[in-house]
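Spelled out as structure tokens, the structure:
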């Protein structure tokens with residue numbers, strides 16, 4: 002059992018007060034945060050709830066670098082969620098029943114189609130390694146290379162390499178699933 | 010100059026060349042201007058990048074009602090859950106009041122896995138489980154003549170499908186003295202009146218909706234903690250310290266009682282995020298408590314070998330296994346399985362806890378985890 006710490010976000014320094022427009026941070030980040038969490042957990046309401054929890058904590062803690070802090074904390078919480086065996090089972094059940102309990106497209110066939118697409122994206126993302134997926138999701142959420150490096154504890158120069166690998170694998174995995182789907186239909 | 014790597018091409022496409030070290034960004038710009046092979050690769054990688062973005066953007070979350078910034082700010086300004094009003098660290102006993110503030114925050118609040126069950130209840134369960142469990146040691150230490158209880162209050166034992174003697178499988182796990190003692194039974198009066206409320210809270214079905222309700226939790230907590238010590242039961246429900254003159258114990262045991270009241274299965278001062286049952290391996294059910302550390306990390310506590318929520322025959326089997334553990338022969342396998350799944354940066358600490366095991370995991374050094382665990386006792 003090694004002794005090391007995971008990524009720790011930059012916190013507030015004692016004696017220094019950085020002025021952050023939190024309304025602006027909310028407008029630019031909150032939806033991305035929900036989206037990021039949703040693609041890690043696949044439960045929209047839970048992603049929304051967790052994003053709220055993270056943002057409220059940020060408002061209390063007032064970190065210097067809000068976006069990196071928000072995504073680091075969100076990532077930690079989501080990772081913890083994912084480790085829970087029971088909850089993972091529940092999420093899968095929710096995913097299966099999303100058409101019943103989640104946002105309702107007007108037509109049943111649309112709902113089925115959308116659910117298939119969500120499932121396809123989820124499976125394609127699962128084809129990536131944890132680190133590659135994390136970096137890709139952070140990029141998708143709008144973080145810069147520097148911010149991704151801070152959240153993921155990677156060197157800024159390694160982000161491009163990780164993203165290149167993640168994107169290629171995602172496209173390949175998604176393409177394979179498209180073929181499977183076409184063959185099945 | 011060497012050709013450009015795929016990663017560098019993506020950094021170019023993402024406008025992040027300047028982050029590359031040692032002036033590599035300028036080299037790449039120059040190289041691309043004169044290397045047709047790399048320009049072709051750049052086109053390929055651009056297609057990959059665009060297709061990836063297309064896949065990721067293909068589906069959007071729709072119709073999900075998000076909180077406004079004002080709502081979040083209002084919530085942030087409210088007293089922080091996990092800290093008391095006077096600023097002192099929260100203890101398990103105070104969680105009831107603190108959980109109340111969470112409950113008042115309306116639909117925007119964070120909901121743990123016990124959806125619909127306010128965390129105050131969860132904290133109460135944690136405390137009650139702790140009291141009920143550790144209370145067993147008090148009963149074992151009581152001489153038979155001082156064991157509280159009346160002859161007409163044996164109903165909970167029969168509820169569990171046990172024998173007419175009303176003894177508990179858990180009593181068989183100890184050193185043998187426990188089985189010779191009469192089972193602790195409700196005192197009657199107000200203790201019996203309060204029992205239904207705790208039973209409702211501690212219904213195993215409410216802990217884990219998908220699992221059929223078993224009698225174990227009710228039996229261990231509802232009978233032992235309520236029946237044995239009304240003042241203890243009172244403190245579990247209210248979070249208040251029991252009145253000194255209300256203790257049914259001899260003076261030496263009354264001190265023990267107070268110690269149990271202050272004890273908790275959760276680390277005092279850390280917000281309880283969730284309480285749930287887990288089963289990593291068949292027959293090794295664990296009570297899993299998640300608590301919030303700083304910056305979103307969590308402390309995971311898993312209590313194995315607690316005889317709650319199991320079928321009676323299962324309890325007996327686990328009890329026998331626990332006896333073997335006491336002799337140092339056996340050890341649950343779950344901690345090993347858990348350790349194999351430890352994420353990078355996390356550490357795991359195992360220790361005996363009463364008749365069972367406590368497994369704690371957190372992204373902290375082992376010494377720090379042990380320091381946290383010391384506050385449990």
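Residue numbers (this note's numbering), protein chains in the order written: chain F, 2 to 186; chain H, 10 to 386.
Note that beta-carbon positions come from the ideal geometry of N, C-alpha and C, so glycine has one too.
Only a predicted model underlies this, so the values are computations on that prediction, with no experimental measurement involved.
Here's the rule: buried if 16 or more other CB atoms are within 10 angstroms of the residue's CB, otherwise exposed. What is residue i?
i                      : result
residue 152 of chain F : buried
residue 49 of chain H  : exposed
residue 186 of chain F : exposed
residue 67 of chain F  : buried
residue 181 of chain F : exposed
residue 114 of chain F : exposed
residue 175 of chain F : buried
residue 360 of chain H : exposed
residue 29 of chain F  : exposed
residue 12 of chain H  : exposed
residue 25 of chain F  : exposed
residue 38 of chain H  : exposed
residue 131 of chain F : exposed
residue 148 of chain F : buried
residue 42 of chain H  : exposed
residue 161 of chain F : buried
residue 177 of chain H : For residue 177 of chain H, the pLDDT reaches just 33, beneath the cut-off of 50, and the residue's location in the model is therefore unreliable, leaving the point undetermined.
I need the boundaries of the alpha helix (DSSP H) containing residue i, first residue and last residue.
i                      : result
residue 21 of chain F  : Run containing residue 21 of chain F: none; DSSP gives neither H nor E here.
residue 140 of chain F : 131 to 141
residue 369 of chain H : Run containing residue 369 of chain H: none in the alpha helix (DSSP H); it sits in the beta strand (DSSP E), 365 to 371.
residue 21 of chain H  : 15 to 22
residue 190 of chain F : Because chain F spans 2 through 186 in this model, residue 190 of chain F falls outside it and cannot be assessed.
residue 35 of chain H  : 33 to 43
residue 2 of chain H   : Because chain H here runs from 10 to 386, residue 2 of chain H falls outside it and cannot be looked at.
residue 46 of chain F  : 45 to 62
residue 150 of chain F : 146 to 153
residue 83 of chain H  : 78 to 86
residue 375 of chain H : 375 to 383
Could you give the residue range of the beta strand (DSSP E) that holds residue i?
i                      : result
residue 298 of chain H : 293 to 301
residue 354 of chain H : No beta strand (DSSP E) contains residue 354 of chain H, which DSSP labels as neither H nor E.
residue 311 of chain H : 307 to 313
My understanding is that residue i touches residue j, with C-beta atoms under 8 Å, so please give their C-beta distance in whole angstroms.
i                      : j                      : result
residue 21 of chain F  : residue 63 of chain F  : 7 Å
residue 164 of chain F : residue 72 of chain F  : Contact flag wrong, Cβ pair sits at about 16 Å.
residue 283 of chain H : residue 385 of chain H : About 18 Å; that fails the 8 Å criterion.
residue 75 of chain H  : residue 31 of chain F  : 7 Å
residue 299 of chain H : residue 309 of chain H : 6 Å
residue 369 of chain H : residue 382 of chain H : 6 Å
Using a Cβ-Cβ distance cut-off of 8 Å, determine whether residue i contacts chain F.
i                      : result
residue 345 of chain H : no
residue 35 of chain H  : no
residue 274 of chain H : no
residue 65 of chain H  : yes
residue 28 of chain H  : yes
residue 75 of chain H  : yes
residue 314 of chain H : no
residue 70 of chain H  : yes
residue 82 of chain H  : yes
residue 48 of chain H  : no
residue 115 of chain H : Any reading at residue 115 of chain H is ruled out, since the residue's pLDDT is 33, under 50, leaving its predicted position unreliable.
When you compare the CB of residue i with every CB in chain H, is at least one pair closer than 8 Å?
i                      : result
residue 162 of chain F : yes
residue 175 of chain F : yes
residue 13 of chain F  : Its pLDDT being 43, under 50, residue 13 of chain F is placed unreliably by the model, and nothing is read from it.
residue 56 of chain F  : yes
residue 116 of chain F : no
residue 77 of chain F  : yes
residue 273 of chain F : Shown here, chain F extends from 2 to 186; a query on residue 273 of chain F therefore has no answer.
residue 1 of chain F   : A question about residue 1 of chain F goes unanswered here, because the residues of chain F that appear run from 2 up to 186.
residue 22 of chain F  : no
residue 36 of chain F  : yes
residue 189 of chain F : Outside the modelled stretch of chain F, which goes from 2 to 186, sits residue 189 of chain F, for which no answer is possible.
residue 65 of chain F  : no
residue 202 of chain F : With chain F covering 2 to 186 only, the question about residue 202 of chain F has no answer from this structure.
residue 190 of chain F : Because chain F spans 2 through 186 in this model, residue 190 of chain F falls outside it and cannot be assessed.
residue 39 of chain F  : yes
residue 141 of chain F : yes
residue 44 of chain F  : no
residue 128 of chain F : no
residue 29 of chain F  : no
At 8 Å on the CB atoms, spell out the chain B contacts of residue i, in chain order.
i                      : result
residue 148 of chain F : In summary, chain B is missing from the structure at hand, where the protein chains are F and H.
Name the one or two DSSP bridge partners that residue i has.
i                      : result
residue 281 of chain H : H:300
residue 288 of chain H : H:294
residue 80 of chain F  : BP columns for residue 80 of chain F are empty, so no partner.
residue 361 of chain H : H:366
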